[in-house]
Amino acid sequence: MKRYHTKGNIIFDSIIYVVMILVLLLCLMPFIYMLAVSLSDPNAIINNKVSFFPIGLNFEAYKQIFTYPNFFKAYGNTIFYTVGGTLISLIMTSLFAYPLSKTVLAGQKVAMKMVVFSMFFSGGLIPNYLLISNLGLTGTRFAMLLPFAINQFNLIILINFFKSIPTEIEEAALIDGLGYFKILGKIVVPLSKPALATIGLYTAVFFWNDWFNGLIYLNTSQFPVMLFLRNIVNGTSMIGDAAGSADKATIAISIKSAVIITSTLPIIILYPFLQKYFVKGLTVGSVKG
Amino acid sequence: MKKLLSLVLMMTMVMSLLSACGQEETPEVNKATVSESSKSSETTETENQDPVKIRIYYSDNATLPFKDDWLTVTEAEKMFNVDFEFEVIPIADYATKVSLALNTGNNAPDVVLYQTTKGENASLALNGALVPISDYAEYTPNFNARVEEFGLQDVVDKLELADGKRYYMPSLFDIPFYDGGLILREDFLEAEGLEAPKTFDDLYVILKAYKAKNPDSYPLTILAGPRVLYRMTMPSYGISVGKNGASGTNTLSWDYEKQEYFPGAISEGYKEYISYLAKLYAEGLLDPEMAEPIDGDLWSQKMATGKAMATYAYYDQIGGLTGASTIDGFKLQMYPSLEGTAGAHHQPKSKTGSGIMFPAATAKRDDFERVVKTIDQVFFSEEGAKLWCLGVEGVTYTMEDGKIKYADELVNSAEGVYKSLQINYGCGSDVTQMVWINEREMTKYDENYARINGEVAAMGDVIQTIPPTPMFDDLTAEDAGVLQTPLFDTFEVWADAFITGKKSVETDWDAYVEEMKTLRIDEFCKIYNDNLGN
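Chains as they are written, first to last, in the numbering used here: chain L, 1 to 289; chain F, 1001 to 1534.
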């Protein structure tokens, strides 16, 4: 057996480490810069003095965002949509994916084709809006949750994952007297944690970032926070072209940075906890075991 | 196969059911039933009526976030016996939400603020999605009176669509403001003993002097994009190809004497204009980044650090900059329009702005007449106009010898009267203020601003009217569109080449004109003149 620490290997590893650290810095630096800008004094920003450390610590940008009417309510809404939407989505997707993973089921192929068809062709904005409003969902929080309960892409990932679970386990359970619902709940779902965590994260990120559906279906008091933040970012950048209310233009960039930090931080905090499932779920989902 | 067939059949049934639901809701304005029902409501009108409930779309700007407890809002509800339900929609997505509500007719509010019938709204209006408010002139006495008072009948008539009806009540201005223009470092002029600029040649001398002292600088910069510079300066050369210029033609200009369009992009005026910019560029006096969108932050940086000393921007953008600069004695000032070969002019401005429209479903309300009358009162009556502009007498201001005196809290605020009124009380919001009287507005600004506006007003027709928009039918609009795009592209490419010296105005001008003529600029111009309508 060859020793691992040969000269060539050490050089190779060092190169990999250097490249990795560079890539890491490349990803981190914009974020650190934004954090610094969001915490700096406007004068320092205008005079181009800010690099990676805040100059003249200043929380004005955050203060301004937090004092926006209904900001915290909107944040609460977003958390509700993210948690509620993800739960509904996981339940609905699992319930749909399980039967579709059974090739013996009559009509499974047709249903699969319809899923794929609807993945590529959708009705478009106005038919969707008409559908949702005729179902009486507009102006209710369900408009945010129900239409997105099943995402075809996630569904296919989950179907593939379910297919990879050995049928012998289910057969044994059947013989032991379990029904299909119990098999799904007690055996298949616990075995599919990585896949569920993966699509759960996908879905959570989708609901966290989704502002457009909130805009078109909901009333002001139900808006998710992303819509507020989008308004702040776009509102401040539009100043340049419009008359009036421009004294804040000088700190537009610090507000924008603060918005980015405020809106991405929760998802970034969540990510490390799900990361291990994420990698596992994706690889297992795509390669049949 | 059978299963598939039945599935397809079932899907078709569900789809047709859904689309039938949609059709059912398609709004239709039936004037006869409307006026009948409104008559009956009029007879039962009593003094102790319940407040009229009005659902209203409001376009929200992040710099002036809407608050439903603003004094203006609560007071308007009390004054006019109305219960507003504001739907506050972010400005960036306002058009999308309005478009969806009007396109589908579902969940449309009773009233939409801050819209015009330009673009998509025009075809929506012609297809029956909006109430032709000009048909209900008897319900809008305050609006009519304002139009007459400001002498805007002609201007308002021009807002009619191809069917001869007007679908919104625009906001009205008696005299347009000179709210932005040439802004430069007054402290530099004083230090060098230079006079305030009156002509573009004076500006050249000032920029040159600054460049001599600060070789690293590009003295003249712009904000947002070159279009702002173009539209604020071109009129002094008798042309205007900016967005406020020739109704978005991009290459035509309006001849105010002959009252017709002419191909401004290949006129002598434009040749002189572009030569001037090319001269500035060649001598390093014009920001080479001007072709790119320069955002507020970058612009502030350039101005505050002395990388630039002159710009075209808006007056209220000066304040923040002056406070932020670390240069000793840094002082910006706005100057009246400079004189070019065609006199001193600023970008043309309209005396009407975005305003109020009523979705078709509103006309189906039993109390439609009351809704329109209330809206007319809230926004166009004298009490309403004062409320949205100044706030409540005794709280935000008092009248002394016929003069407006603002509360001490406003006068002494760091943000100034105008901004404080906006943020704390909701006054002066473009969305809700429909009546703009220049003299009244000027009381909110500092003396300097009022002085500049006075100077500009005294100079005569500095701010010209916006040229008329031709009334195209769909086919002509398409013809014009087909001609417009390549003309504009070519114009842009050449403008950039002329300014940056890649092409010489002296030697390549004829080739440029030839190319524009090959792209049929004359025919494009003729289409515009042939469809002016009156």
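Think of the CB as a built atom: it goes at the ideal place given N, C-alpha and C, for glycine as much as any other residue.
For L:F66 and L:F72, the gap between their C-alpha atoms comes out near 7 Å. The CB of L:N77 never comes closer than 8 Å to any CB in chain F; the least such distance is about 14 Å. Within the DSSP secondary-structure output, F:T1352 pairs in a beta bridge with F:L1172.
In chain order, Y1237, G1238, I1239, T1341 and A1342 place their CB closer than 7 Å to the CB of F:G1269, counting only its own chain and leaving out the 5 sequence neighbours on each side. In this model, F:I1404 and F:R1520 are separated by some 55 Å (Cα to Cα). Less than 9 Å separates the beta-carbon of F:Y1167 from that of F:P1132. If you draw a straight line from the Cα of F:T1311 to the Cα of F:L1194, it is about 17 Å long.
Secondary-structure assignment with DSSP links F:S1134 through no beta bridge to anything. Under DSSP, the beta-bridge partners assigned to F:W1254 are F:Y1261. Look at F:R1185 here: in three-state DSSP terms it is strand. About 6 Å separates the CB atoms of F:I1183 and F:L1332; that is less than 8 Å, so the two are in contact. By the neighbour-count criterion, in which a residue is buried when 16 or more other Cβ atoms sit within 10 angstroms of its Cβ, F:S1337 is buried. As computed with DSSP, F:Y1314 is found in a beta bridge with F:G1180. Interface with chain L (9 Å Cβ-Cβ cutoff): F:A1062 is included. The criterion of a C-beta distance shorter than 9 Å is not satisfied by F:L1100 and F:V1431. The C-beta of L:I216 comes closer than 9 Å to at least one C-beta of chain F. Your pair F:V1505 and F:I1274 checks out as a contact, with CB atoms roughly 6 Å apart and the cut at 8 Å. Residue pairing by DSSP places F:S1059 opposite F:I1089 in a beta bridge. Below the 7 Å Cβ cutoff, chain L contributes Y68 and P69 as neighbours of F:P1065, in chain order. Taking the C-beta atoms as reference points, F:P1109 is found no nearer than 9 Å to L:N231.
Here F:H1346 is buried. Its C-beta has 16 or more other C-beta atoms within 10 Å. Rounded to the nearest whole angstrom, the C-alpha separation of F:K1503 and F:S1217 is 24 Å. Contact between the segment 1050-1065 of chain F and the segment 1081-1088 of chain F is established, with three or more Cβ pairs separated by less than 8 Å. Residues of the segment 17-51 of chain L with a C-beta less than 9 Å from any C-beta of chain F: P42, N43, I45, I46, N47 and N48, listed in chain order. F:M1434 sits away from F:F1358, with the two beta carbons spaced by 9 Å or more.
Counting other Cβ atoms within 10 Å of its Cβ, F:E1120 stays below 16 and is therefore classed as exposed. Counting along the chain, no beta strand (DSSP E) covers F:T1362, and no H or E run does either.
If you compare the alpha carbons of F:T1485, F:Y1406, F:A1511 and F:F1262 with that of F:E1441, the shortest gap goes to F:Y1406.
Here F:F1173 is actually not in contact with F:G1428; their C-beta atoms are around 13 Å apart, not less than 8 Å. The C-beta of F:V1155 has 16 or more other C-beta atoms within 10 Å across all chains shown, which makes the residue buried.
Across the set F:A1224, F:L1286, F:E1148 and F:T1233, the C-alpha of F:L1286 shows the shortest separation from the C-alpha of F:P1215. DSSP places F:I1222 inside the beta strand (DSSP E), whose first and last residues are L1220 to I1222. The straight-line gap separating the alpha-carbon atoms of F:K1419 and F:D1187 is approximately 26 Å. In the structure shown, the three-state DSSP call for F:W1509 is helix. Looking only at L:I32, L:S38, L:F31 and L:V18, the smallest Cα-Cα distance to L:S254 is reached by L:S38. For F:F1368, the nearest beta carbon of chain L is not closer than 9 Å to its own beta carbon.
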